[in-house]
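So the sequences go chain by chain: A and B.
In this text, residue positions in the first sequence follow numbering that gives the first Met the number 0: the first is 0, and each later residue adds one.
In this text, residue positions in the second sequence follow numbering that gives the first Met the number 0: the first is 0, and each later residue adds one.
Where is the CB? At the ideal position from N, CA and C, for every residue including glycine.
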Amino acid sequence: MAIGPQQAMRAAIAAPGIPRDADGPVFREPWEARAFAMALALHEAGVFTWKEWAEALGAEIKRAQAKGDPDTGETYYQHWLATLEALVAAKGVTTLDNLQRYRDAWDHAADRTPHGKPIELTPGDFE
Amino acid sequence: MTGHDHDRHHDHDHSELSETELRVRALESILTEKEYVDPVSLDLLIELYEKKIGPRNGVRVVAKAWSDPDYRARLLKDATSAISELDYSGRQGEHMVVIENTPEQHNMVVCTLCSCYPHPVLGLPPVWYKSAPYRSRAVADPRGVLKDFGVTLPDTTKIRVWDSTAEIRYLVLPMRPEGTEGWSEDQLGELVTRDSMIGTGLPRQPGEVA
Numbered sequence: 000m001a002i003g004p005q006q007a008m009r010a011a012i013a014a015p016g017i018p019r020d021a022d023g024p025v026f027r028e029p030w031e032a033r034a035f036a037m038a039l040a041l042h043e044a045g046v047f048t049w050k051e052w053a054e055a056l057g058a059e060i061k062r063a064q065a066k067g068d069p070d071t072g073e074t075y076y077q078h079w080l081a082t083l084e085a086l087v088a089a090k091g092v093t094t095l096d097n098l099q100r101y102r103d104a105w106d107h108a109a110d111r112t113p114h115g116k117p118i119e120l121t122p123g124d125f126e
Numbered sequence: 000m001t002g003h004d005h006d007r008h009h010d011h012d013h014s015e016l017s018e019t020e021l022r023v024r025a026l027e028s029i030l031t032e033k034e035y036v037d038p039v040s041l042d043l044l045i046e047l048y049e050k051k052i053g054p055r056n057g058v059r060v061v062a063k064a065w066s067d068p069d070y071r072a073r074l075l076k077d078a079t080s081a082i083s084e085l086d087y088s089g090r091q092g093e094h095m096v097v098i099e100n101t102p103e104q105h106n107m108v109v110c111t112l113c114s115c116y117p118h119p120v121l122g123l124p125p126v127w128y129k130s131a132p133y134r135s136r137a138v139a140d141p142r143g144v145l146k147d148f149g150v151t152l153p154d155t156t157k158i159r160v161w162d163s164t165a166e167i168r169y170l171v172l173p174m175r176p177e178g179t180e181g182w183s184e185d186q187l188g189e190l191v192t193r194d195s196m197i198g199t200g201l202p203r204q205p206g207e208v209a
């Protein structure tokens, strides 16, 4: 799977309103970059086209604004993440239930891991 | 506070992930299991961006402190508020402390336990910051670590290592290079490097920028 600067630049051009500078996208926190990179990987895997992505993200942002999102850029990747979740479910990659199950498992893993230790998911976290 | 000051700050006994981080991890786990994403190439892509994710915020803080003595005083006294004046408030609520390099003392930041890092001002941590060798050697042999980074300090300069925690994040205020009298904040910003704000590097010298 090739995900590199060129793919990132194409994604940045395709995504409406993405925080970016001349070299490509800019991020505020690590998770934003991970969410960005996951969209790149899914696109490269053929799960969606950038046109589909842009439409879905645009719709998500509109929905958020209608609910009073300040649209200052701070929440941009929140919308990005919500779009990712919705699209992977819509495309049959996984289900929203499964996403919730993994989210709960990570929560469990985080709770049992002392600070400073890497948090890792184990089968026991799903019980 | 060299070494281990964790008793005071690491007293909560489990890690915490924000709701957003939980969702990001959930998605990544599923996509990895289904082989849609490869965590290694994800890391590589993120590494490409690490230098541009935010250190510019720290650069502005340092450049302002170099050119505005009042700001510098506020920054050293209460870094969290002084930084939020520039609108880079730590959104995770961590407390920021800025420590000043002087001819007598050089400061270096590490997180011996994990990779606590002042994201709002410095963006993503470089890969070496999270590595076990840096985390262990920074405390045991800071001068040796600096040498690996190409930094040699006079023997008379003391090196102090600050251990970051989940609640307290440190930013080093490097010394303003000589020969920059009358420079604007933007010009000064050109001299500020990410590593100089972690303490593993020094700012660029005026001759190094065009």
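At a Cβ threshold of 9 Å, is residue i touching chain A?
i	result
Leu152(B)	no
Asp4(B)	A caution first: Asp4(B) carries a pLDDT of 38, below 50, which makes its placement in the model unreliable, though a value can still be read off. Not closer than 9 Å to any Cβ of chain A, the Cβ of Asp4(B) fails to qualify, so no.
Ser28(B)	yes
Arg24(B)	yes
Pro205(B)	no
Glu189(B)	no
Tyr35(B)	yes
Ala165(B)	yes
Gly57(B)	no
His118(B)	yes
Thr19(B)	yes
Taking the beta strand (DSSP E) that residue i falls in, what are its first and last residues?
i	result
Tyr169(B)	167–172
Gln64(A)	Unbroken run through Gln64(A) is the alpha helix (DSSP H), 49–65; no beta strand (DSSP E).
Glu99(B)	94–99
Can you tell me whether DSSP reads residue i as helix, strand or coil?
i	result
Asn106(B)	strand
His5(B)	Any reading at His5(B) needs caution, since the residue's pLDDT is 38, under 50, leaving its predicted position unreliable; the model's value is listed next. His5(B): helix per DSSP, three-state reduction.
Gln91(B)	Unreliable placement is indicated for Gln91(B), whose pLDDT of 45 sits below 50; the coordinate value is still reported in the next sentence. It is coil, neither helix nor strand.
Tyr213(B)	Outside the modelled stretch of chain B, which goes from 0 to 209, sits residue 213(B), for which no answer is possible.
Thr199(B)	coil
Leu190(B)	coil
Arg134(B)	helix
Leu21(B)	helix
Pro205(B)	helix
Pro38(B)	helix
Trp182(B)	coil
Glu177(B)	coil
Phe125(A)	helix
Thr31(B)	helix
Glu119(A)	coil
Based on the DSSP secondary-structure assignment, which residues constitute the bridge partners of residue i?
i	result
Val160(B)	Met107(B)
For the alpha helix (DSSP H) that contains residue i, what are its first and last residues?
i	result
His107(A)	95–111
Tyr128(B)	126–129
Ala88(A)	75–89
His42(A)	29–43
Asp147(B)	141–147
Pro54(B)	54–66
Thr79(B)	78–84
Against chain B, does residue i count as a neighbour if the rule is that its beta carbon must be under 9 Å from one of theirs?
i	result
His78(A)	no
Glu51(A)	no
Ala40(A)	yes
Gln99(A)	yes
Ala65(A)	no
Thr93(A)	yes
Lys116(A)	yes
Asp96(A)	no
Leu120(A)	yes
Ile17(A)	no
Any chance the CB of residue i is under 8 Å from a heavy atom of the ligand COA?
i	result
Trp182(B)	With respect to small molecules bound, the structure shown includes none, and the ligand COA cannot be examined in it.
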